[in-house]
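The opening residue of the sequence shown carries number 19 in our numbering; numbering runs sequentially from there.
Glycine is no exception: its CB is placed at the ideal position from the N, C-alpha and C atoms.
Working notes, structure below.
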Amino acid sequence: LLAWRQLELLAGLRQRGHAAQQPLRAEGREHWTAERLPRPLARARHHPEWSSLNPADGSMQGGQEAVARLAAELQKTLESDSAGGAGQAADHED
19 LLAWRQLELL
29 AGLRQRGHAA
39 QQPLRAEGRE
49 HWTAERLPRP
59 LARARHHPEW
69 SSLNPADGSM
79 QGGQEAVARL
89 AAELQKTLES
99 DSAGGAGQAA
109 DHED
């Protein structure tokens, strides 16, 4: 939910004018349901030990790779949104 909301805010900020005062609305991205998260994000949900909030040993084994993959996927989504595309990232967990 947080990743989806951040993408919506970025897209809204890119499209609004300098003096815009209307609240941003979160619309679209219905494809980001819990059943269809981007693969790296779905994988991270199964590894709470990757979280920096987890007071455990702080092991990020595999987590850094997932972060890099998610960042690349989000970048593609943002570029697609900027180009007027649907903004759907291709690599989803089914």
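Helix, strand or coil at residue i [DSSP, three-state]
i	result
Pro-41	coil
Leu-25	helix
Arg-63	helix
Gly-30	helix
Leu-88	helix
Leu-71	coil
Gly-81	helix
Residue i, buried or exposed, once every other Cβ within 10 Å from all chains shown has been counted against 16
i	result
Leu-55	buried
Ala-90	exposed
Straight-line Cα distance separating residue j from residue i
i	j	result
Leu-92	Arg-57	11 Å
His-65	Leu-59	10 Å
Gln-39	Leu-25	19 Å
Leu-27	Ala-21	10 Å
Gly-80	Leu-31	33 Å
Ala-86	Ala-62	12 Å
Leu-88	His-36	30 Å
Ser-69	Glu-83	13 Å
Ala-29	Asn-72	31 Å
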